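The structure appears below as structure tokens.
Numbering (the working numbering), first residue to last: 1 to 711.
Structure below.
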């Protein structure tokens with residue numbers, strides 16, 4: 001036969017066949033996983049969450065390993081002091097003797113964050129309280145973009161919007177930097193998000209920043225409850241709302257505003273009466289869950305301290321305008337459920353923008369503590385969501401363009417937006433790490449060294465008055481009692497604030513010294529204008545104690561006056577003093593903080609002519625006094641009188657009186673040797689609201705059991 005033979009092809013080797021078979025198996029597995037298996041249902045919602053956690057962990061990584069930040073001017077010292085006090089008296093005492101001449105412990109602040117820190121320290125005690133504090137606030141910070149992502153994804157049903165909003169919130173300079181005052185507050189760190197500024201550099205307001213992690217979750221659970229009520233949804237929504245209330249008061253007020261917006265938006269969808277009733281029941285359950293702390297005295301102190309310039313006419317006018325606006329919106333938008341997500345985020349942004357702008361432009365406080373731009377934190381959340389909505393809207397419009405390369409344009413826009421976010425995040429990350437870097441050596445600071453000197457030189461129950469940042473940090477490092485503290489709303493003694501003004505701003509050094517002798521203050525720590533401490537502006541007349549008091553300690557690393565401790569000459573430094581009862585009854589309450597005759601008369605009786613009594617503490621809210629009294633003599637205990645104090649003299653119950661400065665007076669009733677026991681107990685009002693909490697838990701438990709057993 002003629003012609004050419006066809007070219008023979010080489011056969012594949014055995015190894016190549018095995019490789020092809022393995023490749024087919026792997027590609028089949030990958031195809032099935034990405035097409036129809038459980039992998040896609042697990043990976044789609046969880047991968048963005050893990051990515052957000054990783055990104056924000058990198059941003060605040062230094063906080064996970066820092067003992068103290070370099071920002072000694074922030075108020076985080078107050079929260080660390082609270083956590084330290086709780087850890088040392090775990091789980092609870094009813095009285096704090098370290099601040100404000102003593103005050104009821106339940107007034108100190110919202111309890112969740114310091115109790116979390118103290119509990120973590122009790123469980124793993126080798127990690128210090130300050131370390132746990134920063135670890136826990138860093139965890140809240142990391143989880144905040146995740147909770148925002150979950151809320152936005154539920155509202156808009158678009159993962160791209162949710163991811164964009166969470167990334168903008170995490171990585172870009174905050175929306176509130178549009179206000180020059182906020183940029184000025186950032187003081188050189190305005191590339192980092194505002195929430196990181198607030199938790200570190202500017203204020204150290206960790207409870208408010210921590211509450212941001214729960215606010216979107218609470219709003220999401222509340223929205224689900226309104227749509228389809230059930231017992232589990234009532235419980236979860238109420239728990240989330242209660243957690244925010246127990247974290248921070250300003251965050252809780254912001255959440256109440258957001259929940260009102262959510263409720264109104266759901267009422268626009270339909271069934272307004274049923275949803276209003278559901279919302280009210282949720283509010284009732286939420287209050288029951290926080291009533292153990294939100295008792296009348298705590299609520300009253302919080303309202304008095306947090307009003308921040310709000311007037312009743314202003315509140316009435318705002319409520320009237322708001323009510324009229326709600327009626328108009330309800331009539332115009334009822335039944336338009338498709339606009340709900342845009343309404344919620346738009347109203348959220350508008351309310352907090354209004355609060356921030358009114359204070360920025362006109363110094364009008366439309367909400368408690370609107371100063372220092374407290375509500376800019378919630379404004380930035382809404383701003384990030386609006387930014388995410390805007391990005392995705394542009395992307396959608398590009399995809400719908402009637403041009404051949406519309407898909408390329410849409411993808412190119414997303415790539416450009418991603419590049420902008422990444423570029424912004426690089427700048428933001430550097431600024432963020434500058435904010436969160438640890439203090440090089442806190443033991444070399446004036447605050448630390450002065451505290452150690454005071455701790456070593458106080459011999460009894462004398463107190464200290466500290467100006468500037470020394471007052472903030474004194475009880476982070478020690479248990480030295482002081483006139484000031486970190487929770488002004490908790491102070492119940494009527495005179496501490498007047499005395500603070502006289503020492504800090506008054507020009508009369510003799511009046512200030514008289515007050516110190518009247519309040520058992522042994523040492524005054526003052527910051528001169530050349531002090532290195534970050535907050536040295538509250539002490540206005542540095543020279544007023546020169547020649548009047550002896551300086552006993554000085555911190556001056558730059559060979560300047562720096563920080564000086566002055567010693568006050570106390571004739572009787574005991575906390576309990578035996579005085580002439582008849583003379584005590586002739587004393588009158590000072591008409592003002594500069595009422596020298598009344599103050600001198602008090603000092604002559606309580607300090608100069610008194611005798612000491614022996615004081616022994618059992619707990620922070622329990623002390624014993626051993627003394628020998630003569631005819632008509634009484635015992636003055638220089639602790640703020642409170643309705644919770646109970647006294648016995650030699651086992652016999654006696655009434656607790658009050659002297660002109662608000663201190664405890666006990667009349668033994670007869671001369672001789674006496675053993676006095678003073679115990680502080682929470683008041684009936686506090687316990688009655690704890691009973692509401694217990695009833696709420698019992699009712700929820702009953703409903704859960706009944707629901708499971710019911711057919």
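Where a beta carbon is used, it is the ideal one built from N, C-alpha and C, also for glycine.
From a predicted model like this one, the values you see are computed outputs, not experimental measurements.
Asked: Tell me the rounded alpha-carbon separation between residue 164 and residue 372.; Found: 28 Å
Asked: Inspect the CB distances between the stretch 157 to 174 and the stretch 374 to 391 and report whether three or more fall short of 8 Å.; Found: yes
Asked: From 509, 180, 419, 145, pick the residue whose C-alpha is nearest to that of residue 548; which is it?; Found: 509
Asked: Here's a check: name, in chain order, each residue in its chain whose Cβ is nearer than 8 Å to the Cβ of residue 282, leaving out the five neighbours to either side.; Found: 222, 225, 234, 237, 238, 241
Asked: Give every residue of the same chain whose Cβ lies closer than 6 Å to the Cβ of residue 37, excluding the five residues on either side of it in the sequence, and list them in chain order.; Found: With a pLDDT of 44 at residue 37, under the threshold of 50, the predicted position of this residue should be treated as unreliable, though the coordinate-derived value follows. No residues qualify anywhere along the chain.
Asked: On the premise that residue 634 lies in contact with residue 665, defined as a C-beta separation below 8 Å, what is that separation, rounded to the nearest angstrom?; Found: 6 Å
Asked: Please determine whether the Cβ atom of residue 378 lies at a distance below 7 Å from any heavy atom of the ligand GTP.; Found: The model depicted lacks the ligand GTP and carries no ligand whatsoever.
Asked: Once DSSP output is grouped into helix, strand and coil, what is the label at residue 4?; Found: Only weak support is given to the placement of residue 4: the predicted model assigns it a pLDDT of 38, under 50, and the question is left unresolved by the model.
Asked: Quick check: what's the CA-CA separation for residue 325 versus residue 331?; Found: 10 Å
Asked: DSSP puts residue 759 in a beta bridge; with which residues?; Found: Because residue 759 is not part of the residues shown, which for the chain are 1 to 711, the question remains open.
Asked: Closer than 7 Å by C-beta to residue 375: which residues in its own chain qualify, once you throw out the five before and the five after it? Chain order, please.; Found: 254, 352, 355, 356, 367
Asked: Using only the alpha-carbon positions, how far apart do residue 30 and residue 419 sit?; Found: With a pLDDT of 45 at residue 30, under the threshold of 50, the predicted position of this residue should be treated as unreliable, though the coordinate-derived value follows. Those two C-alpha atoms are separated by around 30 Å.
Asked: Identify the continuous alpha helix (DSSP H) that holds residue 118 and give its terminal residues.; Found: 112 to 123
Asked: For residue 409, tell me which candidate among 395, 570, 484 has the shortest Cα-Cα distance.; Found: 395
Asked: Nearest CA to the CA of residue 584: which residue from 662, 654, 566?; Found: 662
Asked: Does the separation of the CB atoms of residue 568 and residue 521 fall below 8 Å?; Found: yes
Asked: When you compare only the Cα positions, how much space is there between residue 575 and residue 288?; Found: 40 Å
Asked: Taking one C-beta from the stretch 585 to 604 and one from the stretch 643 to 653 each time, how about it: are there three or more such pairs within less than 8 Å?; Found: no
Asked: Quick one: Cα of residue 627 to Cα of residue 672, how far?; Found: 8 Å
Asked: Between the alpha carbons of residue 641 and residue 297, how many angstroms are there, rounded?; Found: 15 Å
Asked: In terms of residue numbering, what span does the alpha helix (DSSP H) encompassing residue 244 cover?; Found: 231 to 247
Asked: Take the Cβ of residue 144 as the centre, count every other Cβ of all protein chains shown within 10 Å, and call the residue buried at 16 or more, exposed below.; Found: buried
Asked: Who does residue 206 pair with in a DSSP beta bridge?; Found: Paired residue(s): none; residue 206 is not in a bridge.
Asked: Taking Cβ to Cβ, would you say residue 551 is nearer than 8 Å to residue 533?; Found: no
Asked: Hey, which unbroken runs of the beta strand (DSSP E) at 3 residues or more fall wholly within the stretch 380 to 422?; Found: none
Asked: Just how far apart, CA to CA, sit residue 467 and residue 538?; Found: 7 Å
Asked: If we count the other Cβ atoms within 10 Å of its Cβ and call it buried at 16 or more, is residue 391 buried or exposed?; Found: buried
Asked: Starting from the C-beta of residue 650, find all residues in its chain whose C-beta is less than 7 Å away, skip the five residues before and the five after it, and write them out in chain order.; Found: 674, 675
Asked: Can you give me the Cβ contacts of residue 94 inside the same chain, cut-off strictly under 8 Å, excluding the 5 residues immediately before and after it?; Found: 104, 105, 106, 621, 644, 680, 681, 682
Asked: Is it buried or exposed, residue 482, if we count other Cβ atoms within 10 angstroms and call 16 or more buried?; Found: buried
Asked: Can you give me the C-alpha to C-alpha distance between residue 464 and residue 553, rounded to a whole angstrom?; Found: 14 Å
Asked: Report the three-state DSSP secondary structure of residue 614 (helix, strand or coil).; Found: strand
Asked: Please work out which residues of its chain come closer than 7 Å, Cβ to Cβ, to residue 700, disregarding the five sequence neighbours upstream and downstream, and give them in chain order.; Found: 235
Asked: Residue 625 bridges to which residues according to DSSP?; Found: 615, 676
Asked: Quick one, are the C-beta atoms of residue 244 and residue 211 less than 8 Å apart?; Found: yes
Asked: Which residues in the same chain have their Cβ closer than 7 Å to the Cβ of residue 122, if we skip the five residues on either side of it in sequence?; Found: 87, 90
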